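In what follows, a structure is listed as structure tokens, so that the remarks can point back to it.
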Amino acid sequence: MNKYNIAVIPGDGTGPEVVNEALKVLDAAGKKFGFELDRKEFCWGADHYLATGEILPDDASDQLRKYDACLLGAIGSNKVKPGILEKGILLRLRFELDQYINLRPVKLFPGVETPLANKTPEDIDYVVVRENSGGVYTGMGGSVQQDTPDEVACQNWVYTRKQVDRCLKYAFELALKRHTKENPWKGLSDEDKAAGYTAQLTLVGKTNVLTYVCGLWERAFNEMAKQYPTVKTAYCHVDATTMWMVKNPEWFDVVVTENLMGDIITDLAAMTAGGMGISSGGNINPEGVSMFEPIGGSAPKYTGLNVINPMAAIGAGAMMLDYLGEKEAAAAIEKAMAFVTGNKLKSMAAGKMGYSTTEVGDLVAAAL
Ligand code: IPM
Ligand code: MN
0 MNKYNIAVIP GDGTGPEVVN EALKVLDAAG KKFGFELDRK EFCWGADHYL ATGEILPDDA
60 SDQLRKYDAC LLGAIGSNKV KPGILEKGIL LRLRFELDQY INLRPVKLFP GVETPLANKT
120 PEDIDYVVVR ENSGGVYTGM GGSVQQDTPD EVACQNWVYT RKQVDRCLKY AFELALKRHT
180 KENPWKGLSD EDKAAGYTAQ LTLVGKTNVL TYVCGLWERA FNEMAKQYPT VKTAYCHVDA
240 TTMWMVKNPE WFDVVVTENL MGDIITDLAA MTAGGMGISS GGNINPEGVS MFEPIGGSAP
300 KYTGLNVINP MAAIGAGAMM LDYLGEKEAA AAIEKAMAFV TGNKLKSMAA GKMGYSTTEV
360 GDLVAAAL
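The sequence shown stops at residue 367 when you use numbering that gives the first Met the number 0, and every number in between is there.
Structure, rendered in structure tokens:
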């Protein structure tokens, strides 16, 4: 039997509640598909910080490197000044573990309400590959004469060619994996298919203004495209992307973009697919340890009430299984989620699902 060692960071607010349901479903999948998840819990987050003054131990990432993957609930609390835990835990782990891809599927499940008129699960089904290690998140910059009228602040937007190339490679490979000649992306025209294309990869940037950094991305993108003759490439400015994601989400298959643009467009994309209650993501280091998380926050208002939607965490669990190689189990969890959203839940919103958090976990586990 395959056995995996998983680090679990339940974190703050509703994090522990949703992680419990994800683990419940993962265990049910393990029984069915014949694998075991051995897990260790790391109780980092607001309470640990307030009790000890420590945000993360110095060797936190070394500890996590011993595991096959991490599952994270949520980080952030209204008991701690905003930014301290987000930067000190989430961003620090992403950087130290070099999780250079933030993979965010945008998928409208059956029965889930979208704010986009006349759009169905057929139309909203793409993946955003957000670069997760560079850009303004690198943290270079500074300010002088703070709190005077002459204050100057700058925050540098930096990328190396290597950072760009490794992210683009992941995105091109993902486009190849998502679609095959037998199962081409449905947005392709007959002409595209006749030309041998099976998938589409869209680069999002702002090449009309931010010419140095976006120019680097564009040149690297066009150069790498030559190695992937079956992937049709497209380019979209980031502002126009927000428009098309609302108006024509069916135009997207795989989208690749830099860190901050990816952060912003994936919140918009998540809302089009039913909101934070059902949006999952993975912080991926293809050569190292990856960390999967529901992309919503810690929802202090709903903490401890057994009303938060655990679907995003369950989906993060499925992404983790896919990453670990348990593809069949991952697909089965997605199918079970679709059954539950399509046949059981009244809404994706906390407290309005028609079921409690634990009942939703039970439903998905039973549907498996
Ligand atoms: C996200 C979040 C984080 C980010 C914050 C909490 C640091 O918004 O995961 O998208 O900006 O990456
Ligand atoms: Mn974000």
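Ideal Cβ positions, reconstructed from N, Cα and C, are used throughout, including at glycine. Quick caveat: nothing in here was measured; it's all calculated off a predicted structure.
Residue i to residue j span [Cα, whole Å]
i	j	result
leucine 209	threonine 159	15 Å
valine 143	isoleucine 54	28 Å
glutamate 286	aspartate 149	46 Å
arginine 165	serine 132	11 Å
valine 237	alanine 365	41 Å
serine 76	aspartate 252	35 Å
glutamine 145	lysine 86	22 Å
alanine 6	tyrosine 66	6 Å
glycine 44	valine 24	24 Å
valine 339	cysteine 213	42 Å
methionine 336	valine 203	30 Å
tryptophan 243	asparagine 1	43 Å
asparagine 258	lysine 168	16 Å
glycine 52	glutamate 327	43 Å
lysine 80	alanine 315	27 Å
leucine 367	aspartate 26	11 Å
alanine 170	valine 128	6 Å
threonine 197	valine 363	33 Å
lysine 300	aspartate 262	24 Å
aspartate 361	proline 9	19 Å
aspartate 124	tyrosine 234	18 Å
proline 183	methionine 318	22 Å
From the options, residue whose alpha carbon lies closest to that of residue i
i	options	result
glutamate 217	Ser279, Lys180 and Val163	Val163
alanine 348	Phe251, Ile283 and Ala298	Ala298
leucine 370	Leu259, Ile88, Ala73 and Asp146	Past the edges of the chain, shown from 0 to 367, lies residue 370, and the structure says nothing about it.
threonine 241	Gly214, Thr265 and Arg177	Thr265
alanine 311	Ala59, Ala73, Gly29 and Asp61	Ala73
lysine 246	Leu267, Tyr227 and Pro81	Leu267
leucine 49	Asp61, Leu84 and Phe32	Leu84
leucine 90	Tyr136, Tyr301, Thr147 and Asp124	Tyr136
histidine 178	Gly360, Tyr227 and Glu16	Tyr227
alanine 68	Leu344, Asn284 and Ala330	Asn284
phenylalanine 108	Pro15, Lys334, Asp11 and Thr13	Lys334
asparagine 155	Thr256, Thr147 and Met139	Met139
glycine 33	Ile332, Gly341 and Glu325	Glu325
glycine 141	Cys153, Ala329 and Gly134	Cys153
aspartate 321	Tyr234, Leu102 and Tyr125	Leu102
valine 126	Asp57, His47, Gly281 and Tyr99	Gly281
C-beta contact flag for residue i and residue j at 8 Å
i	j	result
valine 230	alanine 224	yes
valine 151	threonine 201	no
leucine 70	phenylalanine 291	yes
proline 293	threonine 271	no
glutamate 20	threonine 302	no
isoleucine 332	alanine 116	no
alanine 374	valine 105	The structure shown does not extend to residue 374, since the chain spans only 0 to 367, so no value can be given for it.
Residue i Cβ short of 7 Å to ligand 4 heavy atom set
i	result
aspartate 262	This structure lacks ligand 4; its bound ligands are ligand 1 and ligand 2.
Any chance the segment 290-307 sits against the segment 109-120, with 3 or more Cβ pairs inside 8 Å? no
On the three-pair Cβ rule with 8 Å, is the segment 270-279 touching the segment 93-101? no
Curious, which full-length beta strand (DSSP E) runs of at least 3 residues does the segment 60-84 contain? 68-73
Which ranges would you report for the beta strand (DSSP E) in the segment 191-229 if only whole runs of at least 3 residues count? 198-204
Would you check if there are 3 or more beta carbon pairs closer than 8 Å linking the segment 349-358 to the segment 25-45? no
Evaluate the contact criterion for the segment 173-191 versus the segment 107-115: three or more CB pairs, one atom per stretch, below 8 Å. no
Within the segment 287-316, ranges of the beta strand (DSSP E) (whole runs, at least 3 residues): 290-293
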